[in-house]
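Data first, discussion second: the structure below is written as structure tokens.
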Amino acid sequence: MREISFIHLHENEQTAVEAALKCKDKMQGKFAQLQFEGSRNICLTLEDERIEFDPNRIFTEAGVVKTLEEFNSYSEKAAQFVVDFGMQIASNFIDQRDLVISIHNNTAHGDCSIAHYELGQDVEAIHTSENRHADDFFFVTEAAFFDFFKKEDFNVVLQGAKPSDDGSLSVYCGARKIPYINIEAQHGHLDEQVEMLLKVTDIL
376 MREISFIHLH ENEQTAVEAA LKCKDKMQGK FAQLQFEGSR NICLTLEDER IEFDPNRIFT
436 EAGVVKTLEE FNSYSEKAAQ FVVDFGMQIA SNFIDQRDLV ISIHNNTAHG DCSIAHYELG
496 QDVEAIHTSE NRHADDFFFV TEAAFFDFFK KEDFNVVLQG AKPSDDGSLS VYCGARKIPY
556 INIEAQHGHL DEQVEMLLKV TDIL
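Going by the working numbering, the residue at position 99 of the sequence shown is 474; the numbering climbs one at a time, nothing skipped.
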């Protein structure tokens with residue numbers, strides 16, 4: 376039986392949590408949720424130094440540097456703290472898993488939809504469904520997952536073999552050959568995200 380981890384990294388994306396709770400009796404595995412005052416980013420004081428970072432950009436050293444610099448928080452001390460934090464999450468919930476399922480939400484007018492992806496180094500394949508909302512899609516690291524969701528006519532993106540290193544969980548899992556599925560849905564699309572989560576059980 377697969378060892379599965381469900382990961383929820385952005386606490387403000389609450390439709391994803393609601394969907395996971397509705398599906399918990401049908402999906403077995405560990406569930407890890409980062410909680411920090413209901414916000415997307417983590418902000419804290421480290422020895423009188425304020426730091427802020429995106430918790431989905433902390434799984435490589437390059438990603439840690441980029442996210443700290445983005446929020447004007449970079450220092451060697453801050454970088455080491457965030458690297459260690461990411462390693463704790465990885466060692467406890469990712470590295471020994473047979474499948475990692477990340478759950479996220481996006482906004483109606485944001486830049487995260489199937490329409491924003493293009494073929495290239497970061498993306499190997501895309502399937503766009505005429506029957507699904509562009510904001511509701513799977514992002515996967517395995518060709519077999521892509522083929523399955525494409526056959527079921529869901530929006531789906533297959534990560535490239537050597538994507539740009541942004542420190543994200545998909546990049547981390549892809550580099551280590553850990554099967555990864557991101558279930559992305561627009562805020563408020565609860566029924567759609569529940570359907571997507573339950574569809575994963577057909578793979579399992």
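In this text, a Cβ means the ideal position worked out from N, Cα and C, and glycines have one as well.
Considering only the alpha carbon of each residue, which of the options lies closest to residue i?
i, options, result
"T442", "F428, F460, E436 and F434", "F428"
"N481", "Q568, E559, D400 and E386", "E559"
"K552", "Q496, L474 and D459", "L474"
"I578", "S545, I426, P554 and R425", "P554"
"V498", "N447, S545, D459 and H562", "S545"
"L421", "Q410, F520, V440 and A454", "A454"
"G461", "G563, V440, N447 and D423", "V440"
What is the DSSP secondary structure of residue i, reduced to helix, strand or coil?
i, result
"I433", "coil"
"K537", "coil"
"L579", "coil"
"E386", "coil"
"N467", "helix"
"T442", "helix"
"Q403", "coil"
Cutting at 8 Å between CB atoms, please list the residues of its own chain near residue i, excluding the five before and the five after it.
i, result
"S543", "N431, R432, F434 and G438"
"K574", "F524, E527 and F529"
"V569", "A394, K397 and C398"
Going by the beta-carbon positions, is the gap between residue i and residue j smaller than 9 Å?
i, j, result
"I382", "I476", "yes"
"A518", "I489", "no"
"I379", "K397", "no"
"F456", "A407", "no"
"D511", "Q561", "yes"
Here's the rule I'm using: 16 or more other beta-carbon atoms within 10 Å means buried, otherwise exposed. How should residue i be labelled?
i, result
"Q580", "What is shown of the chain runs 376 to 579, which leaves residue 580 out entirely."
"D400", "exposed"
"G549", "buried"
"E505", "exposed"
"Q534", "buried"
"N557", "buried"
"A483", "exposed"
"L494", "exposed"
By Cβ distance below 7 Å, which residues in the same chain neighbour residue i in space, the five residues on each side in sequence not counted?
i, result
"S414", "E386 and N387"
"L565", "T390, E393 and A394"
"A500", "F521 and L533"
Note down, in chain order, each residue of its chain lying with its Cβ closer than 6 Å to the Cβ of residue i, except the 5 sequence neighbours on either side.
i, result
"F524", "F513 and V531"
"H502", "K525 and V531"
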